[in-house]
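Working notes, beginning with the structure itself.
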Amino acid sequence: MDAGCTAYWERVGNLHIHTLASDGTADHNAVAQAAGRAGLDFIIVTDHDVFLPEVQGWKGSVLLLVGEELRARDNDDGNHYLIFHAGQEMLDQAGEPQHLIDAVNERGGLGFIAHPLEYAGSYSGERTYNWQDWDVTGYSGIEIWNYMSEFKAHVSSLLRGLAYIFSPKLAIRGPFAATLSAWDAVLTERMVWAIGGSDAHAQTYRKGALKRQVFSYEHLFRAVNTHILVTEPWTGDLVHDANLVYEALANGKAFVAYDALASARGFDFNAVWREHTFTMGDTLDLPLDESNDYIKFEVTTPHPAQLRLMCNGLVVAQSKGMRLLFTTREPGVYRVEASRKYFGRDRGWIYSNPIRVCVR
Ligand SMILES: [Zn+2]
Ligand SMILES: [Zn+2]
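Offset between the sequence shown (1-based) and my numbering: plus 600.
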């Protein structure tokens with residue numbers, strides 16, 4: 601029994617960032633400073649095709665870690681893979697997707713499918729970089745929400761593009777439904793964990809006389825973040841603190857949130873069975889002879905929202921406010937979605953990792 605009496609500390613970070621080392625627009629120190637101004641606790645820089653561990657460390661109040669974003673298979677524009685904690689340059693392993701996934705796992709690393717599905721807005725006409733090989737297995741998780749990817753999808757005209765650049769919250773709606781469906785489909789087979797990221801580049805776009813940075817690193821770090829639950833407080837030691845981050849990411853102790861709508865710090869999703877408490881990433885193995893026992897799911901949010909408890913991809917309970925309670929004895933994969941209204945439209949706010957209930 602995965603008895604949950606563990607205490608957790610919440611840390612907020614951004615896991616998909618480019619610097620001048622690839623196609624971003626600021627160096628590691630400036631990016632870390634922007635993260636500090638945005639109130640983040642940690643960032644993982646994922647430049648394309650380069651791994652620079654020597655820049656890692658504490659930068660003021662921000663833990664700066666380094667991973668890498670690789671394109672599996674050279675002759676293709678899709679299959680972007682975010683790699684954390686592999687401890688070495690992985691570019692020479694960027695062949696077939698399954699080979700890259702296995703190579704990362706063999707080195708004790710974690711790998712997440714980046715922006716799995718993209719849509720080119722009819723005006724922006726930007727290229728899309730989809731994950732194309734869904735027969736692969738062994739990856740740690742999926743980037744269910746990529747802020748710049750979503751933004752790109754909604755730019756259907758110049759006017760709309762300008763409106764969104766000056767008021768980005770009008771554009772953002774939540775992870776793509778097809779991405780969530782793909783994740784739910786994989787979850788029927790095995791646990792894979794959700795992360796979210798900004799895909800921060802902070803590039804400047806020009807249109808005639810108009811020139812504007814879309815968007816600053818600080819703006820991007822106040823948008824789609826990954827909140828993790830670490831099992832010990834940080835000590836200031838790089839290796840110790842980095843290991844806590846990777847332990848949380850490896851075990852699904854995380855949720856994805858669009859913090860620009862409202863800070864999601866303090867969100868909680870638990871299942872209580874007898875005297876045991878389970879949280880995101882946990883599996884509750886219910887002994888067959890005790891499967892008549894009820895499990896109590898409890899969701900709490902730091903601000904009022906529309907709350908939905910999903911089981912195997914379907915809504916099984918919903919409520920409005922800061923709390924949702926649901927009692928059941930049905931096995932399945934349970935996860936939470938929370939949304940908030942902004943300008944008349946329901947916007948995605950929080951997406952939890954699942955708690956799985958099995959009967960054995
Ligand atoms: Zn990418
Ligand atoms: Zn990227």
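Glycine included, C-beta positions come from ideal geometry on N, C-alpha and C.
Treat the numbers as computed from the prediction; the structure is a model and nothing was measured.
Where residue i sits in the DSSP three-state scheme
i, result
"Gly636", "helix"
"Leu914", "strand"
"Pro902", "strand"
"Ser939", "strand"
"Thr606", "coil"
"Ile742", "strand"
"Tyr764", "helix"
"Phe867", "coil"
"Ala854", "strand"
"Phe926", "strand"
"Ile701", "helix"
"Ala771", "coil"
Proximity of residue i and residue j at Cβ, strictly below 8 Å
i, j, result
"Lys752", "Glu726", "yes"
"Pro904", "Gly921", "yes"
"Ala621", "Val650", "yes"
"Tyr681", "Ile644", "no"
"Asn614", "Ser798", "yes"
"Asn953", "Gly852", "yes"
"Val959", "Leu924", "no"
"Asp938", "Gln906", "Per the sequence presented here, residue 938 reads as Ala, with Asp not at that position. Yes, they are a contact pair."
"Asp784", "Gly913", "yes"
Exposure label - residue i; buried when at least 16 CB within 10 Å
i, result
"Tyr894", "exposed"
"Pro697", "buried"
"Leu820", "buried"
"Met601", "Bear in mind that a pLDDT of 38 at Met601, under 50, signals an unreliable position, so the model cannot answer this."
"His618", "buried"
"Val704", "buried"
"Val915", "exposed"
"Ser740", "buried"
"Trp734", "exposed"
"Arg956", "buried"
"His840", "exposed"
"Asp889", "exposed"
"Thr835", "exposed"
"Arg945", "exposed"
CB-CB length for residue i against residue j, believed under 8 Å
i, j, result
"Leu665", "Leu700", "Between Leu700 and Leu665 the Cβ distance is about 20 Å, and since that is not below 8 Å, they are no contact."
CB contact check: residue i to chain C, cutoff 8 Å
i, result
"Ala672", "The structure shown contains no chain C; it is built from a single protein chain."
Inter-stretch contact (C-beta, 8 Å, three-pair minimum) for the segment 939-953 and the segment 854-863: yes
Cβ pair count under 8 Å reaching 3, the segment 815-835 against the segment 740-751: yes
The segment 651-660 / the segment 625-637 touching (three or more Cβ pairs under 8 Å): yes
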